[in-house]
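Reading through the structure tokens given below for one structure.
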Amino acid sequence: MSQQHDTLWTNVNVYTASGAGIIENAAIGVRDGTIAWVGPLPGDSGKPIDAREVIDGRSRWVLPGLVDCHTHLVFAGQRAGEFEARLAGSSYEEISRAGGGIASTVRSTRDASEETLFQDAAGRLRQLLRDGVTTIEIKSGYGLTIESEEKMLKVARRLGEAFPVRVVTTFLGAHTLPPEYADDRKGYLRLICDDMLPALAGQGLIDAVDGFCERIAFTPEEMGRVFDVARSLGLPVKLHAEQLSDSGGAALAARYGALSADHLEYLSEDGVRRMAESGTVAVLLPGAFYTLRDTQRPPVGLLRKQGVPMAVSTDANPGSSPTLSLRLMANMACQLFSLTVDEALHGVTINAAKALGLDAEIGSIEIGKRADFVLLDVDEPAEFAYWLGGNIVSELVSGGTRLDLAAL
Ligand code: DI6
Ligand code: FE
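Heads up: the sequence shown begins at 1231 in my numbering, then just goes up one per residue.
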């Protein structure tokens, strides 16, 4: 505590999401946007409080800034009509095969200007931030031409500049076959591999590469080709795997050392084992499970047994997961997938950071990590996953800066 802090938060209870567990009656010191101290209140141990600004946390609970590691936040339009069609008995796959689904959002996103896309996504981002999100992953995948994928990724980057949030971009050109390539799968894969990936990576627009491995999208063999190009460009990979059927996506992802495999409702025991071996994070997306009225749960018991880290994310998108609350997803992960509260809390913090390859920098409250944290108006951390909706955030700190929530 000898060094000067820019800010010292006193009188807080800290859920560190690290090996240190919970530290009650603690203080958090911030210096140059980084956590410089977390532990017992310095005054209590007889050491001087040496900070430019001291803020009384009034016994609030502090969580690491939330990490939403799987979103499709940039898109135009909405698909409430499909919601009604599903209520009337249609399935997600049927709607997709009839030209709706992802293809419908592709049409509106292609037609939208960059400015419209930015404004629409900004409105959604504000709502996610109010839950305490300080890092968000945003995928492309509703453009499927080089120009419109570029437009989406540029909007994602702009969001990171305009808001006090870290944005990680993912290229999802292999989301679905665009209509103009309906009879030419090979041609579209060539476009992804030979043109889109090298050009967009060359512009610095891609942090990772994703795909939808499913019978209504791409096969493991096709995704393997895309991953080969990602590898040659030095980009990490991840995969939408086993969402609607056991397609062998998780095993493919593991073979490429993927950061994460996501959805996983139909994941097999063999898939779990391979993910454990490769250190691939299982990203659970209860919003999609709930919206599609799925009944097949991801094999949480096996993932737990094999020590596969589990993250929880919104999958925010207009089709299968129209949600803007990561906290609600933590609730659903507990309620629908039987995660413990600690698993859910780690799922939206440190394990989500790991799913982005950023766990050395963010995701827990530890000395040396970026000072991203959220103060909650609760009596105990379990309340984070307990309340359905409402607002429990009282303060949000991003990179050491105290944000004005009302002004977001
Ligand atoms: N799986 C999903 O849950 C989202 N993408 C994907 O591959 C849904 C995208 C959509 O329906 O618009
Ligand atoms: Fe998704």
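C-beta: ideal position from N, C-alpha, C; glycine also.
Per-residue burial, residue i [other beta carbons within 10 Å of its own, 16 or more giving buried]
i	result
residue 1492	buried
residue 1630	buried
residue 1248	buried
residue 1415	exposed
residue 1535	exposed
residue 1625	buried
residue 1349	exposed
residue 1452	buried
residue 1428	exposed
residue 1306	buried
residue 1593	buried
residue 1362	buried
residue 1239	buried
residue 1255	exposed
residue 1354	buried
residue 1524	buried
residue 1367	buried
residue 1618	exposed
Nearest-angstrom beta carbon gap, residue j and residue i [assumed within contact, 8 Å]
i	j	result
residue 1608	residue 1569	18 Å between Cβ atoms; not a contact.
residue 1511	residue 1541	5 Å
residue 1179	residue 1268	Summary: the structure shown does not reach residue 1179, with the chain confined to residues 1231 through 1638, and so no result is reported for it.
residue 1242	residue 1287	4 Å
residue 1471	residue 1483	6 Å
residue 1585	residue 1513	5 Å
residue 1339	residue 1289	Not quite, the Cβ-Cβ distance comes to about 46 Å (not below 8 Å), so this is no contact.
residue 1489	residue 1528	About 17 Å separates the two Cβ atoms, so there is no contact after all.
residue 1352	residue 1392	7 Å
For residue i, the three-state DSSP class (helix, strand or coil)
i	result
residue 1286	strand
residue 1305	coil
residue 1241	strand
residue 1400	strand
residue 1638	coil
residue 1231	Legend: pLDDT at residue 1231 = 44, less than 50; position of this residue unreliable, no value from coordinates given.
residue 1605	strand
residue 1339	helix
residue 1501	helix
residue 1621	coil
residue 1456	helix
residue 1468	strand
residue 1269	strand
residue 1591	coil
residue 1329	coil
residue 1439	strand
residue 1334	helix
residue 1493	strand
residue 1384	helix
residue 1394	coil
residue 1258	strand
residue 1488	coil
Legend entry - Cβ pair count under 8 Å reaching 3, the stretch 1589 to 1602 against the stretch 1491 to 1506: The stretch 1589 to 1602 makes no contact with the stretch 1491 to 1506: fewer than 3 CB pairs, one atom from each, lie closer than 8 Å.
Legend entry - Cβ contact check for the stretch 1292 to 1307 and the stretch 1547 to 1554: 3 or more pairs under 8 Å: Flag = yes, the stretch 1292 to 1307 and the stretch 1547 to 1554 touch.
Inset, instruction - Pair every Cβ in the stretch 1369 to 1383 with every Cβ in the stretch 1278 to 1292, then say whether three or more of these pairs are closer than 8 Å. - result: At 8 Å Cβ cutoff, the stretches do not touch.
Inset, instruction - Count the CB pairs spanning the stretch 1357 to 1376 and the stretch 1613 to 1628 that are closer than 8 Å, and state whether there are at least three. - result: With three or more CB-CB distances shorter than 8 Å, the stretch 1357 to 1376 counts as touching the stretch 1613 to 1628.
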